[in-house]
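A.B. asks:
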Ligand code: C2E
Ligand code: CA
Ligand code: CA
């Protein structure tokens with residue numbers, strides 16, 4: 039806000055700016071006074087007085103030039119004001135002295151002439167000094183009081199009248215000066231107010247109000263300049279896109295005040311690390327962008343330096359934040375892109391950094407990732423999937439497949455419902471390719487409801503067979519506040535027996551908000567629904583929360599099962615999970631069982647329920663029915679040794 043005036047400084051500036059004019063007036067008036075009084079007053083006195091007056095004027099002019107040259111700051115202005123006051127006092131004294139030493143004894147015409155000049159000088163001072171009332175009042179008092187004194191000492195009635203008139207004039211000037219001063223101050227204040235308002239509007243257009251960082255618009259302006267400069271000078275710069283990990287969680291659980299303060303604290307911490315020529319802006323939410331011009335000339339060195347710098351920023355963010363009594367531990371993800379590598383616009387660069395940032399998130403967060411061209415393809419691919427999913431719902435392109443589950447005697451005990459997308463161009467697409475995207479875009483809520491409905495219809499259709507149908511429920515779906523209501527409605531609509539429905543949730547769903555999970559599980563359990571924890575062993579905490587959760591089954595993750603025969607660690611993990619589950623009274627299902635030897639190995643460790651290609655791939659519902667459930671309900675797996 040450097041351009042906004044400071045009222046005090048401006049007052050002093052007005053006083054100084056009047057010096058040349060007043061010096062000229064003093065020079066003319068004092069010279070004329072000397073000439074007119076030459077015949078009636080001692081020439082030595084006139085010359086000495088004139089010399090003193092010229093000298094003071096010269097000194098004030100020199101002082102004025104010094105003031106102009108140094109353009110003083112508000113901090114120095116007090117000193118300059120005092121110096122102006124001293125100069126004014128000296129000048130007032132000189133004009134007062136004129137009335138005392140140049141006053142011709144008995145020549146009324148010259149006396150009146152002297153009074154006229156002194157009064158004129160005083161009136162002039164009101165116009166030049168009114169910005170600073172003290173100086174003005176001191177000057178006119180010092181200049182006019184001696185003449186009042188001299189006239190009253192004459193003893194004649196004309197003398198008294200002149201003394202009275204001069205005194206009256208002095209009072210009038212004092213009143214005028216104070217009023218003028220008020221007007222000047224008013225004008226200055228108005229100008230100040232307008233400048234503040236203008237500056238605020240300017241700031242708001244270019245800066246983020248919360249963190250005081252530049253905003254998107256200003257960032258783009260700077261990036262555009264920097265892009266042009268780097269092309270001219272052939273050096274590389276870098277754009278980084280930084281996003282705080284899980285910020286929404288902090289905001290939701292601790293409130294917006296804490297969230298806002300965290301954003302400011304992060305901004306300050308980042309700002310503290312940057313150089314003057316770097317730019318950091320906040321784009322909104324918890325997204326920051328950083329522009330570092332001239333990070334190197336060669337690609338290799340620039341890349342290495344950008345990487346180091348990003349890691350430094352990540353470390354900086356990882357330090358604790360103390361916000362309103364909360365000790366917050368946060369991490370961030372950074373996307374990096376260098377410029378000018380191809381003909382890219384500022385928008386392209388930001389898009390690239392953004393894409394790379396998403397990649398960093400996908401790779402586990404708390405990391406930095408460079409933009410690579412194939413990321414753009416991946417981003418486009420994601421977009422097309424997202425669009426396709428909306429159409430898939432509308433065009434009824436989804437189908438539920440069912441993968442049978444068997445017990446150790448080869449008896450069919452249930453099936454897991456697995457989603458398939460019959461894409462009009464690409465054929466059958468497996469959920470691995472679209473569930474995460476559906477989850478991130480939010481459309482999982484609609485897809486999930488469709489899955490639940492289809493699975494419940496299957497439960498109804500299979501009501502004679504006492505099979506349990508497992509349905510995968512994604513974290514976002516499970517956390518939806520209306521989830522329990524939705525499930526109830528689907529059960530009502532389809533008439534499915536809740537005791538035949540099992541919901542599979544993952545560890546990450548559970549640990550995200552364990553208290554809420556427990557409440558929700560209990561509500562659904564009260565309806566008769568059972569639960570399994572999917573992909574068990576891939577999450578973090580296990581035992582501590584497992585004890586508290588009302589779940590029924592643990593599904594050992596395929597990654598452990600796969601290597602059970604070759605990897606001693608995995609074998610030990612599987613064994614531990616089975617023992618623990620037994621201890622807690624939970625069922626265990628092993629999935630991804632492919633060769634028979636794997637089944638035997640699992641069996642020997644105490645696992646009695648299986649799912650995998652060894653028995654069957656996921657099947658369309660009619661095939662599941664015809665293969666396993668027709669006639670007299672042949673439920674024993676045909677491929678098993680008798
Ligand atoms: P998941 O819940 O772990 O499902 C098991 C996955 O393992 C299935 O893959 C299944 O086809 C595959 N599988 C089964 N037996 C074997 C085997 O012996 N060997 C190997 N290599 N794989 C086997 P799928 O159908 O591609 O599903 C992938 C994931 O997508 C599922 O993993 C699940 O997390 C998710 N998913 C599937 N359907 C749905 C759904 O309706 N809703 C939600 N939210 N997620 C779903
Ligand atoms: Ca599953
Ligand atoms: Ca699984």
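In the working numbering, the protein residues as written are 39 to 680.
Beta carbons: idealized from backbone N, C-alpha and C, even for Gly.
It should be emphasised that the depicted structure is a prediction, and the values quoted were computed from it without experimental measurement.
Considering residue 460, what are the terminal residues of the alpha helix (DSSP H) in which it resides?
C.D. replies: Residue 460 -> not in any alpha helix (DSSP H); beta strand (DSSP E) instead, spanning 450-461.
A.B. asks: CB residue 219 to CB residue 168, shorter than 7 Å?
C.D. replies: Yes.
A.B. asks: Tell me which same chain residues have a C-beta within less than 7 Å of the C-beta of residue 227, skipping the five on either side of it?
C.D. replies: Only 45 meet the Cβ criterion.
A.B. asks: Distance check for residue 135 and residue 225, CA to CA, integer angstroms please.
C.D. replies: Roughly 36 Å separates the two Cα atoms.
A.B. asks: Please tell me whether residue 276 and residue 387 are closer than 7 Å, where the distance is taken between their beta carbons.
C.D. replies: Taking 7 Å as the Cβ cut-off, residue 276 and residue 387 do not qualify as a contacting pair.
A.B. asks: What do you get for residue 160, buried or exposed, if any count of 16 or more other CB atoms within 10 angstroms of its CB means buried?
C.D. replies: It is buried - the Cβ of residue 160 has at least 16 other Cβ atoms within 10 Å.
A.B. asks: Count Cβ pairs between the segment 416-433 and the segment 616-628 that sit closer than 8 Å; are there 3 or more?
C.D. replies: Because the criterion of three Cβ pairs below 8 Å is not met, the segment 416-433 and the segment 616-628 do not touch.
A.B. asks: How far does the beta strand (DSSP E) with residue 510 in it extend, from its first residue to its last?
C.D. replies: Residues 506-510.
A.B. asks: Under the rule that 16 or more other beta-carbon atoms within 10 Å means buried, what is residue 68, buried or exposed?
C.D. replies: Classification of residue 68: buried, given that the 10 Å Cβ count is 16 or more.
A.B. asks: Answer yes or no: the CB of residue 508 versus the heavy atoms of ligand 1, is any distance below 6 Å?
C.D. replies: Because no heavy atom of ligand 1 lies under 6 Å away, the Cβ of residue 508 does not count as near it: no.
A.B. asks: Determine the direct distance from the alpha carbon of residue 198 to that of residue 189, and round the result to whole angstroms.
C.D. replies: Distance between the alpha carbons of residue 189 and residue 198: 6 Å.
A.B. asks: By the 10 Å Cβ neighbour count, where 16 or more other Cβ atoms means buried, how is residue 384 classified, buried or exposed?
C.D. replies: Buried, by the Cβ-count rule.
A.B. asks: Output needed for residue 431: all residues of its chain with C-beta closer than 8 Å, excluding positions within five of it in sequence on either side, in chain order.
C.D. replies: Contacts found: 481, 484, 485 and 488.
A.B. asks: What ranges does the alpha helix (DSSP H) occupy inside the segment 224-286, keeping only unbroken runs of at least 4 residues that lie completely in it?
C.D. replies: Counting whole runs of 4 or more residues, the segment 224-286 contains the alpha helix (DSSP H) stretches 254-271.
A.B. asks: Of the choices 146, 59 and 113, whose alpha-carbon is the least far from that of residue 193?
C.D. replies: Of 146, 59 and 113, the residue nearest in Cα terms is 146.
A.B. asks: Suppose you measure from the CA of residue 404 to the CA of residue 286; what does that come to, to the nearest Å?
C.D. replies: Taking the straight line joining both Cα atoms gives about 16 Å.
A.B. asks: From residue 459 to residue 442, what distance separates their C-alpha atoms?
C.D. replies: In a straight line, the C-alpha of residue 459 is about 20 Å away from that of residue 442.
A.B. asks: Taking 7 Å as the limit between beta carbons, can you name the residues of its chain near residue 611, skipping five residues before and five after?
C.D. replies: These residues qualify, in order along the chain: 575 and 598.
A.B. asks: With hydrogens ignored, establish whether the beta-carbon of residue 473 is closer than 6 Å to any heavy atom of ligand 1.
C.D. replies: Checking the Cβ of residue 473 against ligand 1 gives yes.
A.B. asks: So, using beta-carbon positions, are residue 594 and residue 615 closer together than 7 Å?
C.D. replies: Result yes, Cβ atoms of residue 594 and residue 615 sit closer than 7 Å.
A.B. asks: Going by DSSP, what residue range makes up the alpha helix (DSSP H) through residue 326?
C.D. replies: It is not in any alpha helix (DSSP H) - residue 326 instead sits in the beta strand (DSSP E) that spans 325-334.
A.B. asks: Just checking residue 468 against ligand 1 - is the residue's beta carbon closer than 6 Å to any of the ligand's heavy atoms?
C.D. replies: Correct: residue 468 has its Cβ closer than 6 Å to ligand 1.
A.B. asks: Report yes if the C-beta distance between residue 260 and residue 317 is below 7 Å; otherwise report no.
C.D. replies: Yes; because the gap between Cβ atoms is below 7 Å, this pair is in contact.
A.B. asks: Only counting the same chain, and skipping five residues up and downstream in sequence, which positions put a Cβ closer than 7 Å to that of residue 298?
C.D. replies: Correct list, in chain order: 248.
A.B. asks: According to DSSP, simplified to helix, strand and coil, what is residue 364?
C.D. replies: Note: residue 364 maps to strand in three-state DSSP.
A.B. asks: Applying the 10 Å Cβ sphere with the 16-neighbour rule, what's the burial state of residue 148?
C.D. replies: Answer is buried; the Cβ neighbour count reaches 16.
A.B. asks: Regarding residue 529 and ligand 1, is the C-beta to nearest heavy atom distance less than 6 Å?
C.D. replies: Flag unset: Cβ of residue 529 not near ligand 1.
A.B. asks: Could you give the first and the last residue of the continuous beta strand (DSSP E) run that contains residue 574?
C.D. replies: It spans 568-574 - the beta strand (DSSP E) in which residue 574 sits, taken as one unbroken run.
A.B. asks: Got a sec? Which residues, its chain only, sit under 7 Å from residue 129 by beta carbon, not counting five neighbours each side?
C.D. replies: Counting only Cβ-Cβ distances below 7 Å, and skipping sequence neighbours, we find 94 and 177.
A.B. asks: Could you work out which residue in 584, 538 and 570 is closest to residue 553 when comparing CA atoms only?
C.D. replies: Answer by Cα proximity: 584.
A.B. asks: Nearest-angstrom Cα distance between residue 337 and residue 394?
C.D. replies: Their backbone Cα atoms lie some 18 Å apart in a straight line.
A.B. asks: Given 6 Å as the limit, tell me if residue 572 has its C-beta closer than that to any heavy atom belonging to ligand 2.
C.D. replies: Residue 572 Cβ: within cutoff of ligand 2.
A.B. asks: Run through DSSP, which three-state label would residue 382 get?
C.D. replies: Residue 382: coil per DSSP, three-state reduction.
A.B. asks: Please determine whether the Cβ atom of residue 542 lies at a distance below 6 Å from any heavy atom of ligand 4.
C.D. replies: Absence of ligand 4 from the depicted structure is noted, with ligand 1, ligand 2 and ligand 3 being the only ligands included.
A.B. asks: Counting pairs of beta carbons, one from the segment 638-657 and one from the segment 445-454, are three or more of them closer than 8 Å?
C.D. replies: Short answer: they touch.
A.B. asks: Counting only runs of 3+ residues fully inside the segment 107-163, write out the beta strand (DSSP E) ranges in chain order.
C.D. replies: Segments of the beta strand (DSSP E) lying fully in the segment 107-163: there are none.
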